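Colleague: Going letter by letter, the sequence shown gives residues 267 to 526 in this note's numbering. If you scroll down you'll find the structure; I have some questions about it.
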Amino acid sequence: MAEIKPFRGLRYTGAAGPAGTLTCPPADGAEAGPYSAGRLALCPAEAGPLLQQWLTDSLVKIDMDPAFYLYEQQAPANGRTQTVRGFLALVRLDGSVQPRRTEAGAAEEAELPRTEPCGLFPICAFYRDESGLMQRRLDALSQDTPRYSLQAGGAVHRLWIINDPVVLRASCADFTGRTLSVAGGETPGGERNAQLYRAAQAGPESAAEALMLLIDEERGTSLSAPEGAEAVPPEPTAPAIPAIPAGLVMQPCGGLEPPP
267 MAEIKPFRGL
277 RYTGAAGPAG
287 TLTCPPADGA
297 EAGPYSAGRL
307 ALCPAEAGPL
317 LQQWLTDSLV
327 KIDMDPAFYL
337 YEQQAPANGR
347 TQTVRGFLAL
357 VRLDGSVQPR
367 RTEAGAAEEA
377 ELPRTEPCGL
387 FPICAFYRDE
397 SGLMQRRLDA
407 LSQDTPRYSL
417 QAGGAVHRLW
427 IINDPVVLRA
437 SCADFTGRTL
447 SVAGGETPGG
457 ERNAQLYRAA
467 QAGPESAAEA
477 LMLLIDEERG
487 TSLSAPEGAE
497 AVPPEPTAPA
507 IPAIPAGLVM
517 QPCGGLEPPP
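Take a look at the structure:
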């Protein structure tokens, strides 16, 4: 069965600058700031000391309470708007997590940015939920004001923090007995996703968990009319892998020490 759990995310503080200058890629029309997550991705050898210094200087912080992080992406798609909605969680890497397609490519993992101090790039995995309960829960939570909202790469990205203990327990219970399928090369963007998964599997035995974006395979991706057009209910479509800007929220690991 899939074992998911909330985590205390690592996020930028206001002292680091506007959110749009901190993500990688930065927001459309913005330039990357001096504390951009791109520095962590491009310079893995320096990422540990750099991130520790940012933590000491209160440029980033570790959230006080464990949480799931609701993520939504809206992007144009053939004259319509495609919405992908899922949530970020830690997932135990065991038999309940299966690749959709087995692909060779161990050499490609060397090309992936590896940053031991934090998880920048979540693995996208799909789940099946015949009841639709989890997706309805996410849809309801997305009606609140997001913690972050920015446009990057031509898409709108939004993030909410879910730290209500009742919601967290119910969500974890919903995944009892479920399996997760990691998107592979048959899905646009899936080859890199499969590389991330293989890299996580090849990591040290202590790294038994991975940061994942979990999406309802049948309901998590939908198409709707563009703004200003005649309103029609969104319709489900083939699952998609969203390109999440690095730095919206990160998984702290690798021995980071919070300041006293």
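Backbone N, C-alpha and C fix where the C-beta goes; we use that ideal spot for every residue, glycine too. Computed from a predicted model, the values in this text were never measured in an experiment.
Do the CB positions of residue 517 and residue 321 come within less than 8 Å of each other?
Modeller: On the sequence shown, residue 517 is found 251 positions in, with the first residue counted as 1. On the sequence shown, residue 321 is found 55 positions in, with the first residue counted as 1. For residue 517 and residue 321, no; Cβs fall outside 8 Å.
Colleague: Between residue 434 and the rest of its own chain, which residues show a CB-CB distance below 8 Å, the 5 nearest in sequence each way excluded?
Modeller: On the sequence shown, residue 434 is found 168 positions in, with the first residue counted as 1. Within the same chain, residue 434 has close Cβ partners 272, 332, 333, 334, 428.
Colleague: For residue 287, which residues in the same chain have their Cβ closer than 7 Å to its Cβ, ignoring the five residues on either side in sequence?
Modeller: If you number the sequence shown from 1, residue 287 lands on position 21. Excluding sequence neighbours, residue 287 sits near 296, 297, 298, 299, 302.
Colleague: Whole angstroms is fine: what's the gap from residue 465's alpha carbon to residue 474's?
Modeller: Sequence index remark: in the sequence shown, residue 465 carries index 199 (1-based). Sequence index remark: in the sequence shown, residue 474 carries index 208 (1-based). Residue 465 and residue 474: Cα-Cα distance of roughly 12 Å.
Colleague: Measuring CB to CB, does residue 480 end up less than 8 Å from residue 385?
Modeller: The residue given as residue 480 occupies position 214 in the sequence shown. The residue given as residue 385 occupies position 119 in the sequence shown. No, the pair does not count as a contact, with Cβ atoms beyond the cut-off.
Colleague: Given a threshold of 16 other Cβ atoms within 10 Å of its Cβ, counted over all protein chains shown, does residue 436 qualify as buried or as exposed?
Modeller: Indexing the sequence shown from 1 puts residue 436 at position 170. By the 10 Å Cβ count, residue 436 comes out exposed.
Colleague: May I have a chain-ordered list of the alpha helix (DSSP H) segments no shorter than 4 residues that lie completely inside the segment 401 to 484?
Modeller: With a minimum length of 4 residues, the continuous alpha helix (DSSP H) runs that stay inside the segment 401 to 484 are 431 to 440, 456 to 467.
Colleague: Within the same chain, show all residues whose beta-carbon is closer than 8 Å to that of residue 440, passing over the 5 residues directly before and after it, in chain order.
Modeller: As a first step, residue 440 must be located in the sequence shown, where it is residue number 174. For residue 440, where only same-chain residues beyond five positions count, the Cβ hits under 8 Å are 395, 399, 400.
Colleague: Please return the same chain residues whose Cβ sits closer than 6 Å to the Cβ of residue 508, not counting the five positions on each side in sequence.
Modeller: Walking along the sequence shown from the start, residue 508 turns up at place 242. Answer for residue 508: 339, 350, listed in chain order.
Colleague: Is residue 348 closer than 8 Å to residue 341 when the C-beta atoms are compared?
Modeller: Counting from 1 along the sequence shown, the entry for residue 341 is found at position 75. Counting from 1 along the sequence shown, the entry for residue 348 is found at position 82. Result yes, Cβ atoms of residue 341 and residue 348 sit closer than 8 Å.
Colleague: Sort out for me which residues DSSP pairs residue 337 with in a bridge.
Modeller: Residue mapping note: residue 337 aligns to position 71 of the sequence shown, counting from 1. Answer is 352, 425, bridged to residue 337.
Colleague: Taking residue 391 as the reference, which of 443, 314, 459, 330 has the closest Cα?
Modeller: By one-based count along the sequence shown, residue 391 stands at place 125. When only C-alpha atoms are compared, the closest one is 459.
Colleague: Let me check you understand the geometry: is the CB of residue 288 closer than 7 Å to at least one non-hydrogen atom of the ligand HEM?
Modeller: Ligands are entirely absent from the displayed structure, and the ligand HEM is therefore not among its contents.
Colleague: Could you check what DSSP says for residue 298 in three-state terms: helix, strand or coil?
Modeller: The count along the sequence shown starts at 1 and reaches residue 298 at position 32. Looking at residue 298 - three-state DSSP - the assignment turns out to be coil, as it is neither helix nor strand.
Colleague: Using a Cβ-Cβ cut-off of 7 Å (strictly less than) and excluding sequence neighbours within five positions of residue 388, which residues of its own chain qualify?
Modeller: Residue 388 sits at position 122 when you count from the first residue of the sequence shown. So the qualifying residues of the chain are 354, 477, 478, 479, 510.
Colleague: Does the beta-carbon of residue 306 have 16 or more other beta-carbons within 10 angstroms, so that it is buried, or is it exposed?
Modeller: For the purposes of this step, residue 306 is taken as the residue at position 40 of the sequence shown. Residue 306 should be labelled buried.
Colleague: Quick one: residues in its chain with C-beta nearer than 8 Å to the C-beta of residue 512, no 5 flanking neighbours on either side, listed in chain order?
Modeller: Numbered from 1 along the sequence shown, position 246 holds the residue referred to as residue 512. These residues qualify, in order along the chain: 289, 290, 303, 304, 306, 307, 386, 387.
Colleague: Taking buried to mean at least 16 other C-beta atoms within 10 Å of its own C-beta, is residue 323 buried or exposed?
Modeller: Along the sequence shown, read from residue 1 onward, the residue named residue 323 stands at position 57. Residue 323 comes out exposed.
Colleague: Counting only the same chain and skipping the five closest in sequence on each side, list residues whose C-beta sits under 6 Å from that of residue 444.
Modeller: Your numbering for residue 444 matches position 178 in the sequence shown. Same-chain partners within the cutoff: 268, 393.
Colleague: Do you know offhand how far residue 313's Cα is from residue 519's?
Modeller: As a first step, residue 313 must be located in the sequence shown, where it is residue number 47. As a first step, residue 519 must be located in the sequence shown, where it is residue number 253. Cα to Cα, the separation comes out at about 12 Å.
Colleague: Within a Cβ cutoff of 8 Å, which residues of the same chain sit near residue 420, ignoring the five residues on either side of it in sequence?
Modeller: Within the sequence shown, the letter at position 154 stands for residue 420. Here the set comprises 294, 341, 342.
Colleague: Applying the 10 Å Cβ sphere with the 16-neighbour rule, what's the burial state of residue 482?
Modeller: As a working note, residue 482 is residue 216 in the sequence shown. Per the 10 Å Cβ criterion, buried.
Colleague: Could you tell me the alpha carbon to alpha carbon distance between residue 472 and residue 406, rounded to whole angstroms?
Modeller: Position 206 of the sequence shown, counted from the first residue, corresponds to residue 472. Position 140 of the sequence shown, counted from the first residue, corresponds to residue 406. Only weak support is given to the placement of residue 472: the predicted model assigns it a pLDDT of 48, under 50, and the value that follows is read from those uncertain coordinates. Distance between the alpha carbons of residue 472 and residue 406: 36 Å.
Colleague: Measuring straight from C-alpha to C-alpha, what distance separates residue 426 and residue 418?
Modeller: Numbered from its first residue, the sequence shown carries residue 426 at position 160. Numbered from its first residue, the sequence shown carries residue 418 at position 152. Rounded to whole angstroms, residue 426 to residue 418 spans 17 Å at the Cα level.
Colleague: What does residue 343 pair with, by DSSP beta-bridge criteria?
Modeller: Start at 1 with the first residue of the sequence shown, and residue 343 comes out as number 77. Its beta-bridge partners are 346.
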